[in-house]
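Residue numbers (the working numbering): 378 to 928. A short write-up of the structure that comes next.
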Ligand code: CAO
């Protein structure tokens, strides 16, 4: 085993760069080309690769240090594996490092800034082109950091390109308004390619003066975005649930090693708050994020207390084809959390039953003319509401909520029933109050009105609260049975599928009868199986002979 120095390779023209992340520690084993440090010039960051495989014996720089080509940043012991990397040529590491440095100069789009035209007030149109990329050619765009219409400052990153080892942002040479974007993600860029059009303000602002010199001054403190005056390399940002992830499409600043780590851990970089310079995401941020997610899951973060269930690790879907991400609506997010909370907390059982609604349907259809006069359509739903209200009164163990903390059963002395309504914005459950006290026409009118309000996003919060039980009817759509999820803290939900004619044995013959499939899911902590069978059988009797609804 021999010790060798780890040196800063050719930086492709950048004099001095700042260490923004130390990616290895003493004792770490690294493979050749594994990133050792991330350094950043005023415009780009690059990872310095390990010159060979081996063990790190010393790292002599820390975050914030400035380094230049040839500086020794650490020492390593080359791995002594026979026939291993040593064999492949001792001189290779040096050579590789050089190659890499060349490859990667990612870092300095310094001369990137076309000389700005002198301002004289008003505005002018400019087409921004790709500056010299210091040896890079044909580098794919991984992010477009601006959108048409954005107002940006000079030096704001326009696009991020990434080679196999480095990431570089191409900054805006001007302050102004982004016009047409002429590139797409995945496009490969070389010097001179057109990026986008801009309307540039000619107000003699600072940015013009700076750009006139063709190059920005060293990244001193005023170079930092106004919003962050904090010193570089603070502790990573807390990655708690209070952090609002940026909107989809928002730029993510992270180096290749960080991206790799995030991929390995299944962490979505778009959800991670960067604590590095210019909000760059560093490895510590990824670790902190993953840790906070685990902690949240273990503590029940909005899901199931104490469940400790492992999260679902998402692959990088883009490896399989083009994907688009969009933010969940608040409603979708809330529904997803409610469903998961219920699914994880409630031991579900589903009881199935078919109700013979042949006579009920004859009666219902006979109400068509009356309905037209009243301006109300009589569907099967009001009959279901009425039957459920009667069953809840007969079997009050369904009209409860469990207070597990206080070890109490909350028995409701009212019968309010929620109806699941399918809307373009997702599932909503308005609540009909005192169903037991209302007639079929009133229920028909009220359910139609609430369903319409739900579809028009007009429901008030109070109209979605206080249900004792829920009916979810897919009968107008189709299906023979399903297993609905109890809408906690209720303890049961009735799923209704599409009625169908079936042969029913009457003791002598098969008779064609219209059978309505019922699926009653219940919380087995509150309700036992026998009661569930009683409940569906009561429903079936009531719907089979609707005269009994009057009793
Ligand atoms: N079997 C056969 N036909 C049925 C039926 C059933 N079980 N239930 C309703 N129908 C018929 C109706 O009679 C009507 O037919 P006609 O126009 O010929 O009279 C047609 O289906 C449409 O009814 P509807 O859906 O407009 O009215 P509804 O009162 O039955 O239902 C509502 C209202 C709000 C429950 C319903 O529109 C809806 O949104 N259902 C979806 C609920 C949902 O998404 N649940 C899933 C939750 S879990 O993800």
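For each residue, glycine too, the CB sits at the ideal point set by N, CA and C. On a predicted model such as this, the values are computed, not experimentally measured, just so you know.
Extent of the continuous beta strand (DSSP E) to which residue i belongs
i           : result
residue 578 : 571 to 578
residue 879 : 877 to 882
residue 888 : 887 to 900
residue 414 : 412 to 417
residue 799 : 798 to 800
residue 846 : 846 to 850
Residue i vs residue j beta-carbon contact at 8 Å
i           : j           : result
residue 914 : residue 872 : no
residue 876 : residue 813 : no
residue 549 : residue 535 : yes
residue 432 : residue 451 : no
residue 896 : residue 858 : yes
residue 391 : residue 409 : no
residue 444 : residue 385 : yes
residue 753 : residue 825 : yes
residue 759 : residue 817 : yes
residue 916 : residue 765 : yes
residue 906 : residue 786 : no
residue 439 : residue 399 : yes
residue 442 : residue 426 : no
residue 761 : residue 669 : no
Proximity test, residue i beta-carbon vs the ligand CAO heavy atom, cut-off 7 Å
i           : result
residue 796 : yes
residue 873 : yes
residue 917 : no
residue 861 : yes
residue 456 : no
residue 534 : no
residue 563 : no
residue 537 : no
residue 858 : no
residue 651 : no
residue 838 : no
residue 758 : yes
residue 504 : no
residue 850 : yes
residue 962 : This structure leaves residue 962 out entirely; the chain is present only between 378 and 928.
residue 780 : no
Segment limits, alpha helix (DSSP H) that includes residue i
i           : result
residue 712 : 707 to 722
residue 914 : 906 to 921
residue 404 : From DSSP, residue 404 is part of no alpha helix (DSSP H); its letter is neither H nor E.
residue 757 : 757 to 771
residue 748 : 745 to 751
residue 446 : No alpha helix (DSSP H) contains residue 446, which DSSP labels as neither H nor E.
residue 829 : 817 to 832
Cutoff 8 Å; reference residue i; Cβ partners in own chain excluding five residues on either side
i           : result
residue 841 : 795, 805, 806, 807 and 808
residue 788 : 773, 776 and 777
residue 681 : At residue 681 the pLDDT is 42, less than 50, meaning the model places this residue with poor confidence; the figure from the coordinates comes in the next sentence. Counting only Cβ-Cβ distances below 8 Å, and skipping sequence neighbours, we find 717, 718, 721 and 722.
Close beta carbons around residue i, own chain, < 6 Å, minus the five adjacent residues each side
i           : result
residue 832 : 800
residue 922 : none
residue 891 : 734, 735, 738, 876 and 878
residue 894 : 731, 857, 858 and 874
Close Cβ partners of residue i (< 7 Å) along its chain, the five nearest in sequence each way excluded
i           : result
residue 910 : 728
residue 434 : 380, 403, 452, 453 and 454
residue 565 : 515, 516 and 517
residue 437 : 449, 450 and 451
residue 904 : 774, 775, 868 and 869
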